[in-house]
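Protein chains in written order, with our numbering: chain A, 3 to 268; chain B, 2 to 309.
Structural data, given as structure tokens:
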């Protein structure tokens, strides 16, 4: 079976399977928490027009940070690192690796299935957030263009992080999740604020560089842009694309050559 | 007959733990029983055969080709692992169908193959039930269906009868024998001698990672019959029983356990011992609560053979 056919079979099977999994339901719920907060803020805003904090402010100052610096990387970590590890833990790896299919099709098929699913989870949450902010002004919605740009960049962030964590999951088991968490909350959160070239060693730098530009007077995304010395959109896109391809190629290489020992092998 | 599997000086370690050591074998079509106690290295050997593990030393070839990461070869091999493994959220049909598709069959062919495999293991009626709702025996049969769905030339079965009810044991054994008649190569690993015995006479004895003996099963049977057996009899008349047996030369020792009315005999002729015991029970109308052989297992035979 060639790579393309095998990829299709793996993708379809795991997309359907993951759609009804407990993990997906949990992430759906988590991604709706920001929506809930916004709904409450919006209700307060509508019932008390003189309130200091509007839903639009919460959305622009907090929710996007929640999504881009927390929810997306965490979702990518748990889905990405499980691509190989869940097969080892459930001992189902044997079904896949004793099939006459290229091993890279297993990595790539599952990766695309999980990215798509993660994208649906995140984007539905974001869309509902956006809808909540604009619920009383549907005719003249604010930040429409920025919102759609953000959806695209958010999806790109998901792809980049998940590729990285797929590689991490192919190399190591439980330690991969710990290392991933350290990466998200340590490296990414600190190094992105370093001046000069250093910040370019984070994924978040390239993601933030692609976020829609807004003037300083506008609160939208201002916090996200803090201390950012942005690279150009084209450069960011090229770097992220190369990063994703390299991470997936490395993950496929590791998976092809590494021996995964199930607990009861003797 | 030409060997389809060639193992030369095969060794595998898990860190400091020995999996198998210096195994050299040539396996021809037919059923080969891989017999050994738990932890002997049977599963390691099968996993090397199906490309799950890489040997540290030595080579393994199937149909003249190396195995690890040789994905094209896997269309000719079916593997039924020992451990429980299934996609929890799927039905039996979905899992077997998925495997059929991964073997390159189109949807129509895959559906036909899936139906045939599931039918062979008697799961057609429960094919749409979620696997997590299956009993242990049903899950075991599903694993077997998964291994045979693409009609492989080589079938590797690790403890295939575990958890299967007696009726289906007979049917699965029959299936395995039918495969052998079709000139396929089947390796069945088990730690239970009678399980292997009903499938084949041709066995490989494996112990502590090494091939200890191979050949006809009667050789093993003879070894089992000659090795000292421990037999415990629980009876209120255990002392009378012992008194009646004490003069027999094939009873080497006996020991009383007054706390539970038990006497334990050691004999080196098990068949003669049981003939006598049965006769005495009938003739003297002895009340017997339990007859038990504490060491009547493969481990005891191996321990005896390796001189422990």
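Idealized CB from N, CA, C, for every residue including glycine.
Minimum length 3: unbroken beta strand (DSSP E) runs contained in the region 36-80 of chain B: 58-63
Would you report the Cα separation of residue 20(A) and residue 179(A), rounded to the nearest angstrom? 19 Å
Please report the residue range of the beta strand (DSSP E) in which residue 159(B) lies. 155-159
Are the region 18-32 of chain A and the region 117-127 of chain A in contact at 8 Å, needing three or more beta carbon pairs? yes
Using C-beta distances below 8 Å, list every residue in its chain close to residue 178(B), excluding the 5 sequence neighbours before and after it, in chain order. 32 and 200
Where does residue 239(B) land, buried or exposed, given buried means 16+ other C-beta within 10 angstroms? buried
Closer than 8 Å by beta-carbon distance: list the chain B residues that pair up with residue 245(A), in chain order. Result: empty, since nearest Cβ-Cβ is about 26 Å, beyond 8 Å.
Could you spell out where the beta strand (DSSP E) holding residue 246(B) opens and where it closes? Counting along the chain, residue 246(B) falls outside any beta strand (DSSP E), though it belongs to the alpha helix (DSSP H) covering 239-246.
Any C-beta of chain A sitting closer than 7 Å to the C-beta of residue 80(B)? yes
Which of helix, strand or coil DSSP assigns to residue 123(B): coil
Shortest alpha-carbon distance to residue 191(A) belongs to which of 72(A), 50(A) and 242(A)? 72(A)
Whole alpha helix (DSSP H) runs in the region 142-224 of chain B with 4 or more residues, listed along the chain? 167-182 and 194-198
Does DSSP put residue 139(A) in a helix, a strand or coil? coil
Within chain A, the residues that residue 76(B) reaches when beta carbons sit closer than 9 Å: 3, 101 and 102
When 10(B), 155(B) and 235(B) are compared against residue 60(B), the one with the closest alpha-carbon: 10(B)
Closer than 7 Å by beta-carbon distance: list the chain B residues that pair up with residue 15(A), in chain order. 99
Just to make sure I have the definition right: I need the residues of chain A whose C-beta is within less than 7 Å of the C-beta of residue 128(B). Which are they? Chain A residues near residue 128(B): none, gap ~17 Å exceeds 7 Å.
Using a beta-carbon distance cut-off of less than 8 Å, what residues from the region 19-45 of chain A approach chain B? 19, 22 and 23
Under 7 Å, do residue 138(B) and residue 119(B) count as touching if we go by C-beta distance? no
Please list the terminal residues of the continuous beta strand (DSSP E) segment that includes residue 13(B). 6-15
Contact defined as beta carbons within less than 8 Å: I believe residue 258(A) pairs with residue 106(A). What is the distance between those atoms, to the nearest angstrom? 7 Å
Please identify, using Cβ separations under 7 Å, the residues of the region 72-96 of chain A that lie next to chain B, in order along the chain. 92, 93, 94 and 96
Which of the three DSSP states, helix, strand or coil, is assigned to residue 100(B)? helix
Just confirm the distance between the C-beta atoms of residue 212(A) and residue 158(A), as a whole number of angstroms; I'd bet it's less than 8 Å. 7 Å
Which residues in the same chain have their Cβ closer than 7 Å to the Cβ of residue 141(B), if we skip the five residues on either side of it in sequence? 163, 164 and 165
Roughly how many angstroms lie between the CA atoms of residue 80(B) and residue 13(A), to the nearest whole one? 23 Å
With DSSP run on the structure shown, which of helix, strand or coil describes residue 95(B)? helix
Between residue 9(A) and residue 64(B), what straight-line distance do the alpha-carbon atoms span, to the nearest angstrom? 27 Å
Go ahead and pull the three-state DSSP assignment for residue 55(A). coil
For residue 102(B), which residues of its own chain have a beta-carbon under 6 Å away from its beta-carbon, when the five flanking residues on both sides are left out? 111
Hey, would you say the C-beta of residue 113(A) is under 6 Å away from at least one heavy atom of the ligand NAP? As presented, the structure is devoid of all ligands, the ligand NAP included, so that no description of it is given.
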